[in-house]
Every structure is written in C-alpha cells, then in structure tokens.
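Take the sequence shown: its letters are residues 6 to 216, numbered as in our numbering.
Okay, structure first, notes after.
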Amino acid sequence: MESALSGFSADWLTALQQHSWLLLSALFVVALAESLLVVGLLIPGVAILVALTLLAAGQSLSPLAWWLAGALGALCGDGISFHIGRRAGPGLARWQIFSRHPHWLPAGHSFFARYGLWSIALGRFIGPLRPLVPAVAGVCDMKPPTFWWINIWSSAAWAAFYLLPVYWFGQAVLTLLQPWQLMLGLGLATLVALLVSRLLQHRQRQSGPRN
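And the structure:
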C-alpha cells in the first residue's frame, strides 16, 4: 500500500513538473479550496501553496501567470463562500460542522463586527479566518457589489504578497542548490508547515468557547 502511494505521489510530482498547465491548475484549485468555507479549515493550504510555488519556480513559469492563477482561485473561493453565506443566512450556524466546532463562526462574526467591510481584505491574510469571513459577510447581508469590489483587489494583493516572494525565493535558491537538495528542503519545509498548521488548529480548538 505504501509503495503504491509513493509511486502515485512520484508520478503526480513528475506530471506537475512536466506540464505547466497542470501546475497552474493545481494552484488555482488549492487557492480556491483554501478560501472555501469549511474546506479551508480542514486542509493544510499554506503548506501546499508553498510546495507548488517552489515547484513553479523550478520550472521557470511566468510569475505573472502564477500570480494570476492564485488570485483567480482566491477570488472564486471567497466568492463561493460569500454566496453560500447569503443563501444560508443565520441557518449557517445550524450546519453540523459548526455544531461540532462551535468557536469557528463566532470568531468570524467577531472579526467582521470589528473591521466591517475591511475584514474581507484583512481576513484573507489570517489563515483560520480566511474561509469564514466571506461567509459571515454574506450572512450579515453585505451588498454583493461592495463585497466583490473588495474581493477582487484583495485577491490580487494576497497572491502578490503570499505567492510571489516564495516564487522568487525559490528561483534564487535554485542557483545555489542541486535538484536533490531542493527537493529535500521542499519536503522538510512542507512537513514543518503541516505540523505548524495542525498545532495552530489544535490551539484554536483549545481556546475556543465550549458548550
């Protein structure tokens, strides 16, 4: 079983390295998922984004194309979350997942109440809040034109500040390391990011309100 999984992972990695369109598509999907209500709280999105961006740097993909794919994914993820919130309304709090994690939505509501419309832009840069704030804005009946205006420019800003520095760092490192050293470093960095993500989620659960 382990050998089959290892073989699949190796094949998938090879495919990403050989096909630029597949790498860009993977970035779009991960950026969307990381911004999507509930889903973004369950996946190690940052770790995957870093790994994909370092791979892209190794393939010398256009940084403009990389930025655009990430921005579009984040734009769509937040947009879907917002309209889910508008459609569900206050009933969103009765979803089973939020009953099992009662501190998630209150955290989003608190942040939205504090920062208002700017919470859409600010929350995008705060991992645990990123998938929640757009849905909360929808529940609170933020006007769609207002949301989409903020969503468009903040998606562009997020992709620029989150992805491009990692991309350029990866290109710089490529001039200093052998390919096997880069892959080893990538694996270790991904592992550390996964562990940190799990630790933060655990601490968030511990500090959240209890029924």
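The beta-carbon is built from N, C-alpha and C at its ideal position, and this holds for glycine as well.
This one's a predicted model, so the numbers in the text were calculated from it and none came from an experiment.
Pro49 carries a coil assignment under DSSP once its states are collapsed to helix, strand and coil.
In the three-state reduction of the DSSP assignment, Phe152 falls in the helix class, which pools H, G and I. From the listed residues Leu168, Gln176, Ile131 and Phe152, the smallest Cα separation to Arg91 is found for Phe152. The alpha-carbon separation between Phe103 and Leu110 amounts to approximately 7 Å. Rounded to the nearest angstrom, the gap between the Cα atoms of Arg135 and Phe166 is 15 Å. Remark: C-beta atoms of Leu57 and Leu28 approach each other more closely than 9 Å.
When only Cα atoms are considered, Ser30 and Ile125 end up about 25 Å apart. Counting the other Cβ atoms within 10 Å of the Cβ of Asp83 gives 16 or more, which makes it buried.
In the DSSP assignment, Phe116 falls within the unbroken alpha helix (DSSP H) covering Trp109 to Tyr120.
The DSSP-derived three-state label of Cys145 is coil. Rounded to whole angstroms, the Cβ separation of Ala62 and Trp163 is 18 Å, and the two are not in contact under 8 Å. In the assembly as shown, Ser115 is an exposed residue. Its beta-carbon has fewer than 16 other beta-carbons within 10 Å. Ile131 carries a coil assignment under DSSP once its states are collapsed to helix, strand and coil.
Under the three-state reduction of DSSP, Leu97 is assigned to helix.
Proximity to Cys145 across Arg105, Leu97, Ser159 and Phe174 peaks at Leu97, based on C-alpha coordinates. Here Ala140 is buried. Its C-beta has 16 or more other C-beta atoms within 10 Å. Between the alpha carbons of Cys81 and Gln176 lies a distance of about 28 Å.
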